Amino acid sequence: MTAVLRIRMSFAKALAGLLATVALLSGLPLRVSAQASENRVGAIAAALENHQFGRALALLDSALQESPNDSQLWAMQGAAYAAEHKSKEALVSFHQALQISPEYLPALQGAAQIEYDAGNAAAIPLIQHVLRLRPEDRTGQAMLAVLEYRRGDCGAAVVHFQKVGRLLDSQLSALHAYGICLVRLKQLGRAVAVFQQALALRPNDTEERRLLAAVQLMAHEPKEALVTLRQLLNPGDAATLDLAASAYEDADDTAQAVTTLQKAIVADPNNVNLYLDFAHLCYAHNSFQVGVNAVSDGIDLQPNAAPLYLARGVLYVQLGQYDKAEADFDKAYELDPRQSLSSAALAVAAAQESDFDRALTRVQSKLKRKSADPLLLYLQADLLLQKGARPGSPEFQLAMRSAKRAVALNPKLAEARGVLAKLDLQLGQYNDAIEQCRKALTDDPKNQAAMYHLIQALRKVGKNEEIPELLKRLAKLREQAAREEGQRNRYKLVEEQSREQ
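One rule links them: number in our numbering = place in the sequence shown (from 1) + 678.
Here it is in structure tokens:
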């Protein structure tokens, strides 16, 4: 978002003059008369206006010794330092001016600009102060909006963006920030209008066009999205074809959606997500065997892609081919054991950039302070399993103790029961695993890990009569998760493409 940071306070256009005369406080350029140049302020202002910043600083040193309580002189010193890119010194000078005159606008603007350029939240109260003095200052509103966006407060950001008016029309990155905030707030109709403004700035930009189309799809405007994408559609552009396929499907043109998605797969045959989209399309329209065939082609090209096995397993369930479905689910979990991790454990690991050692260290550090925290105990057990703890090892024993204690402390913590069931499975204690899975599913019927482990345990003890129904439930949960993931990916596309522009 570096382009956003180009928004400048109006004082920067005529830095020296703004500080030298009251006239410039309203934005008028400085004209230092011959008489004024003979006085102290006039000489300093002339040096600033002529970009003689070293001379200005020298004059200011002596002037401030004589008048240390002159806020104008301190602000002029801040301006000189800022012009020489000495932001730290400039900030000190501006704040010194504000200690003397808290309402002195040039000092407020100068300090705000430095903090804003650095991306610091400290700019916010300064800009708010400026706006109390000059509520019509649209540049200040734009700067405040961007800062609120950067710290994730989209509600506040949108309020300020709304007050900016036409100032944003030429600010692409600021438009992106505004649009993203509207998307996050689910104000999708307004977001479409903002991204249309952005596209108007770059009508030939492919990414801008895709970005608008993605937001139009979120706003349930598939026909408008297709119009937006029309000039981009070509056989070799898999990303655009995939987006267009979603638009065709949302517009109830399934035949064209299938054709377009097939073209995307031809253009990028190693793209796992395209096969997943095709599988979802086939699931939605009861074309299960067609989906199996397509996903199998993807597996031939990407044999280690766990999501493809999960997708095919879901389709096999719909065909009643439960043995094949189980085999695919088993293969998916074998390829990616994280499929059995809870969302909480995955969040901890993701925060540590998929470094499970570091994630475990973090959890154990917290356990030293909160040894009876069931969530932390469960996370410790889950992460130890993820690191490969084997039966009989100290790590496995610690995982078992942690999971059991987590369940004892909070019997409703379904995810802890799921981990305990997995530990029981590894020990061959299948009936115990079944009990834990059933209790976990009672508390959380959507717990996929518990359902999968229940299927495993039932198979081990020969109780196969329940398995087909459980596979159907698991397949339904997987398909629902896939749809939700697709929606999240669309939001992710908007955010990522906006950041790249």
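Just so it is clear, CB atoms sit at the ideal spot from N, CA and C, and this is done for glycine as well. All figures in this text were calculated on a predicted structure; none of them were measured in a lab.
The stretch 954 to 970 touching the stretch 926 to 945, judged by at least three CB pairs closer than 8 Å: yes
Under the three-state DSSP convention, the category LEU997 falls into: Residue numbering aside, residue 997 sits at position 319 when the sequence shown is read from its first letter. Here LEU997 sits in coil by DSSP.
Contact set for GLN755: own chain, Cβ-Cβ below 6 Å, skip 5 residues either direction: Position 77 of the sequence shown, counted from the start, is the residue given in the question as residue 755. Within the same chain, GLN755 has close Cβ partners LEU738, SER771.
Own chain partners of LYS1044 with C-beta closer than 8 Å, once the 5 adjacent residues on each side are dropped: Position 366 of the sequence shown, counting from 1, holds the residue named residue 1044. Excluding sequence neighbours, LYS1044 sits near ASP1051, LEU1054.
Of the residues LEU825, LEU1148, SER779, TYR782, the one placed nearest TYR794, counting alpha carbons only: Taking the sequence shown and counting its residues from 1, the one referred to as residue 794 is at position 116. TYR794 has its Cα closest to that of LEU825, out of LEU825, LEU1148, SER779, TYR782.
Test item: CB-CB of LEU986 and GLY976 under 8 Å: Along the sequence shown, read from residue 1 onward, the residue named residue 986 stands at position 308. Along the sequence shown, read from residue 1 onward, the residue named residue 976 stands at position 298. Against a cut-off of 8 Å, the Cβ pair of GLY976 and LEU986 comes out as a contact.
LEU1155 beta carbon less than 8 Å from that of LYS1124: As a position in the sequence shown, residue 1124 is number 446, starting the count at 1. As a position in the sequence shown, residue 1155 is number 477, starting the count at 1. Yes, they are a contact pair.
Closest by C-alpha distance to ARG733, when choosing among SER745, SER749, GLU744, ALA757: Here residue 733 corresponds to residue number 55 of the sequence shown, with the count starting at 1. Considering only alpha carbons, the answer is ALA757.
Cutoff 6 Å; reference TYR856; Cβ partners in own chain excluding five residues on either side: Looking up residue 856 in the sequence shown gives position 178. Once the five neighbours on either side are set aside, the close Cβ partners of TYR856 are PHE839, VAL872.
Sequence-distant residues of the same chain with beta carbon closer than 6 Å to ALA929, five excluded per side: Taking the first residue of the sequence shown as 1, we reach residue 929 at position 251. Around ALA929: PRO900, LYS901.
Element boundaries [alpha helix (DSSP H), containing ASP1102]: Position 424 of the sequence shown, counting from 1, holds the residue named residue 1102. Looking at the DSSP string, the run of the alpha helix (DSSP H) that includes ASP1102 is 1092 to 1105.
Segment limits, alpha helix (DSSP H) that includes LEU738: Taking the first residue of the sequence shown as 1, we reach residue 738 at position 60. Start and end: 731 to 744.
Chain-order list of residues whose beta-carbon lies under 6 Å from that of CYS859 (same chain, five-residue window excluded): Residue 859 sits at position 181 when you count from the first residue of the sequence shown. Excluding five sequence positions before and after CYS859, the CB atoms of its chain that fall closer than 6 Å to its own CB belong to TYR827, CYS832, ALA835, VAL836, given in chain order.
Rounded C-alpha distance that separates ALA1217 from LYS766: In the structure as shown, the chain begins at 679 and stops at 1179. Residue 1217 is therefore absent and cannot be evaluated.
Exposure label - GLU1093; buried when at least 16 CB within 10 Å: Residue numbering aside, residue 1093 sits at position 415 when the sequence shown is read from its first letter. Looking at its Cβ environment, which holds 16 or more other Cβ atoms inside 10 Å, GLU1093 is buried.
Between the CA atoms of PHE1074 and ALA1127 - distance to the nearest angstrom: Mapped onto the sequence shown, residue 1127 falls at position 449. Mapped onto the sequence shown, residue 1074 falls at position 396. Roughly 19 Å separates the two Cα atoms.
Proximity winner among LYS1141, LEU751, GLU744, relative to LEU726 (alpha-carbon distances): Indexing the sequence shown from 1 puts residue 726 at position 48. Per the Cα distances, LEU751.
Given SER851 as reference, the closest of GLY867, ALA823, ARG862, LEU866 once Cα atoms are compared: Numbered from its first residue, the sequence shown carries residue 851 at position 173. The shortest C-alpha separation from SER851 is found at ALA823.
LEU845 to LEU853 span [Cα, whole Å]: Position 167 of the sequence shown holds residue 845. Position 175 of the sequence shown holds residue 853. In this structure, the straight-line span from the alpha carbon of LEU845 to that of LEU853 is close to 10 Å.
Own chain, CB closer than 7 Å to SER715, minus 5 neighbours either side, in chain order: The residue given as residue 715 occupies position 37 in the sequence shown. Because SER715 carries a pLDDT of 35, less than 50, the predicted location of this residue cannot be relied on, and no value is offered for it.
Residue from ASP1001, HIS729, LYS864, ARG887 with nearest C-alpha to LEU1148: For the purposes of this step, residue 1148 is taken as the residue at position 470 of the sequence shown. Of the listed residues, the one whose Cα sits closest to LEU1148 is ASP1001.
Contacting residues, own chain, Cβ-Cβ under 8 Å from LEU1013 (five flanking each side not counted): Here residue 1013 refers to the residue found at position 335 when the sequence shown is read from its first residue. Excluding sequence neighbours, LEU1013 sits near ASN982, ALA983, ALA984, TYR987.
Contact test: ASP883 Cβ vs the ligand FMN heavy atom, cutoff 7 Å: Of ligands this structure carries none, so the ligand FMN is not represented either.
Close Cβ partners of GLU1144 (< 7 Å) along its chain, the five nearest in sequence each way excluded: Taking the sequence shown and counting its residues from 1, one reaches residue 1144 at position 466. LEU1136, listed in sequence order.
Per-residue DSSP class, three states only, for GLY991: Residue 991 sits at position 313 when you count from the first residue of the sequence shown. GLY991 falls in the helix class under three-state DSSP.
Spatial neighbours of ALA1160 in its chain, beta-carbon cut-off 6 Å, leaving aside the 5 residues before and after: In the sequence shown, residue 1160 corresponds to position 482, counting from 1. HIS958.
Member of ASP946, ALA897, VAL893, MET896 whose CA lies at the smallest distance from the CA of LEU919: What you label residue 919 is simply residue 241 of the sequence shown in a count that begins at 1. The option with the nearest alpha carbon to LEU919 is ASP946.
Neighbour-count burial assignment, GLY991, 16 or more Cβ in a 10 Å radius: Counted from its first residue, the sequence shown places residue 991 at position 313. Flag for GLY991 reads buried.
Check whether TYR782 and SER749 have beta carbons under 8 Å apart: The sequence position of residue 782 within the sequence shown is 104, counting from 1. The sequence position of residue 749 within the sequence shown is 71, counting from 1. Contact: yes.
First through last residue of the alpha helix (DSSP H) which encompasses GLY788: As a first step, residue 788 must be located in the sequence shown, where it is residue number 110. Element bounds for GLY788: 783 to 795.
Straight-line Cα distance separating GLY867 from HIS963: Counting from 1 along the sequence shown, the entry for residue 963 is found at position 285. Counting from 1 along the sequence shown, the entry for residue 867 is found at position 189. Their Cα atoms are separated by approximately 29 Å.
Spatial distance of VAL995 from ALA1003 (CA atoms): Against the sequence shown, residue 995 aligns to sequence position 317. Against the sequence shown, residue 1003 aligns to sequence position 325. Computed Cα separation, rounded: 6 Å.
Which of helix, strand or coil DSSP assigns to VAL842: Locating residue 842 in the sequence shown gives position 164, counting from the first residue. Coil, per DSSP.
DSSP three-state assignment for VAL837, whether helix, strand or coil: Taking the sequence shown and counting its residues from 1, one reaches residue 837 at position 159. Helix.
Start-to-end residues for the alpha helix (DSSP H) that takes in VAL861: Here residue 861 refers to the residue found at position 183 of the sequence shown. 850 to 862 is the span of the alpha helix (DSSP H), which, as asked, contains VAL861.
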